[in-house]
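Q: Sharing a structure below in structure tokens format, with a few things to ask.
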Amino acid sequence: MNTSIYHISLLDLLWVMIPVAVVIVIYMRWTQDRNTLFYALFRMLIQLILIGYVLTYIFTSNSSYLVILILSIMLISASVIALRPIQKKDKNLYLYTFISIFAGSLFTLIMVVFGVLDLNPWYEPKFLIPLSGMIFANSMNAVSISAERFENESERGYSYMEARATSYKAALIPIINSLFAVGLVSLPGMMTGQILSGVDPLIAVRYQMMVMLMILGSAGISVAIYLVLVEKRYSNIKKG
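First residue of the sequence shown: 115, per this note's numbering; consecutive thereafter.
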């Protein structure tokens, strides 16, 4: 099997900016928002360029402390970004998102690192950081969806139990959809990347199974913890 990977130049990336430009035009005309999408794209480009250099250094290091520092930064960032759609933010909500993403992600990550992969050393950067990133990101998105939906349902007068059920189900819609679609509609990132780099598709499939399961587990647990933590806050708001 060909194990080479196609080289992508920065100039070649301009081709994929064509459909992005279409989205930008539609977004600006329909939403009248001329800043958010540009800012998001700018941050994405800068962050990816910087992380490319950072990961090059980290992957050649042998420091567990450095890896833990990077994971901590990723976790804190995910906790802050998760509350972006929420209108009424406070320090307790930031604490709740941190606890929920940390607990759900750490539990799942331990299962993967010490169970599925049995990494040696456990902090092997080229495995731990990408896997942690996938777990944190999906937990962040799920918590963000649930938090936004829970806030809306609460303001519409639904009980805590009703708002919890609706927001939990909404948070898992993207992940459940991906479970139905994988292999039929899409070949997800982990699997696609490995196949493009020449890995046996049957091995790539096992890795993708691991990824799908860890995403469902971490996101589902993180959202559940968040919704349990906000119950007291919900009760206080209703009393007020």
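Ideal Cβ placement from N, Cα and C applies to all residues, glycine included.
(1) If we call anything under 9 angstroms between Cβ atoms a contact, is S253 one with A154?
(2) Once DSSP output is grouped into helix, strand and coil, what is the label at V181?
(3) What first and last residue would you give for the alpha helix (DSSP H) that runs through W236?
(4) To the nearest angstrom, report how far apart Y171 and M158 are at their CA atoms.
(5) Cα-Cα, which of I243, N149, T280 is closest to L185?
(6) How many Å lie between I317 and V342 at the Cα?
(7) I'd like to check one pair, Y208 with L197: are the Cβ atoms closer than 9 angstroms?
(8) State buried or exposed for A135, treating a residue as buried only when at least 16 other CB atoms are found within 10 Å of its CB.
(9) Measuring straight from C-alpha to C-alpha, what distance separates I259 and D232?
(10) Expressed to the nearest angstrom, what Euclidean distance is found between the alpha-carbon atoms of A217 and E262?
(11) Pull up the distance between the alpha-carbon of V227 and that of S178, whole angstroms please.
(12) Please go through the same chain and pick out, in chain order, the residues whose beta-carbon is closer than 7 angstroms to the beta-carbon of Y210, but skip the five residues on each side of it.
(13) Less than 9 angstroms separating the beta-carbons of I182 and I249?
(14) Where W236 and N255 are concerned, what is the direct C-alpha to C-alpha distance, given to the nearest angstrom?
(15) With a threshold of 16 other CB atoms inside 10 Å of the CB of Y167, please say whether the residue is buried or exposed.
(16) How many whole angstroms separate the CB atoms of M188 and G229, which I take to be in contact at a CB cut-off of 8 angstroms?
(17) I'd like to know whether the C-beta atoms of L151 and Y141 end up nearer to each other than 9 angstroms.
(18) To the nearest angstrom, how far is the alpha carbon of I190 from that of K205?
(19) Within 10 angstroms of its Cβ, does T145 collect 16 or more other Cβ (buried), or is it exposed?
(20) Give every residue of the same chain whose Cβ lies closer than 7 angstroms to the Cβ of Y173, excluding the five residues on either side of it in the sequence, and list them in chain order.
(21) Could you name each continuous alpha helix (DSSP H) segment of 4 residues or more that falls completely within the region 249 to 285, going from the start of the chain to the end?
(22) Using a 10 Å radius around the Cβ and a threshold of 16 neighbouring Cβ atoms, would you call F298 buried or exposed?
(23) Within the same chain, show all residues whose beta-carbon is closer than 6 angstroms to that of M275, passing over the 5 residues directly before and after it, in chain order.
(24) Can you say whether V337 is buried or exposed, counting buried as having 16 or more other CB atoms within 10 angstroms of its CB?
(25) Looking at the unbroken alpha helix (DSSP H) that takes in K205, where does it start and where does it end?
A: Taking the geometry as given:
(1) no
(2) helix
(3) Run containing W236: none; DSSP gives neither H nor E here.
(4) 20 angstroms
(5) I243
(6) 38 angstroms
(7) yes
(8) exposed
(9) 32 angstroms
(10) 20 angstroms
(11) 14 angstroms
(12) Y340, L343, V344
(13) no
(14) 26 angstroms
(15) exposed
(16) At roughly 22 angstroms, the Cβ-Cβ gap does not stay under 8 angstroms, so M188 and G229 are not in contact.
(17) yes
(18) 13 angstroms
(19) exposed
(20) Before going further, note that residue 173 is Phe rather than Tyr in the sequence given. So the qualifying residues of the chain are P239, K240.
(21) none
(22) Inspection of the sequence shows that residue 298 is occupied by Leu rather than by Phe. It is exposed - the Cβ of L298 has fewer than 16 other Cβ atoms within 10 Å.
(23) none
(24) buried
(25) 205 to 224
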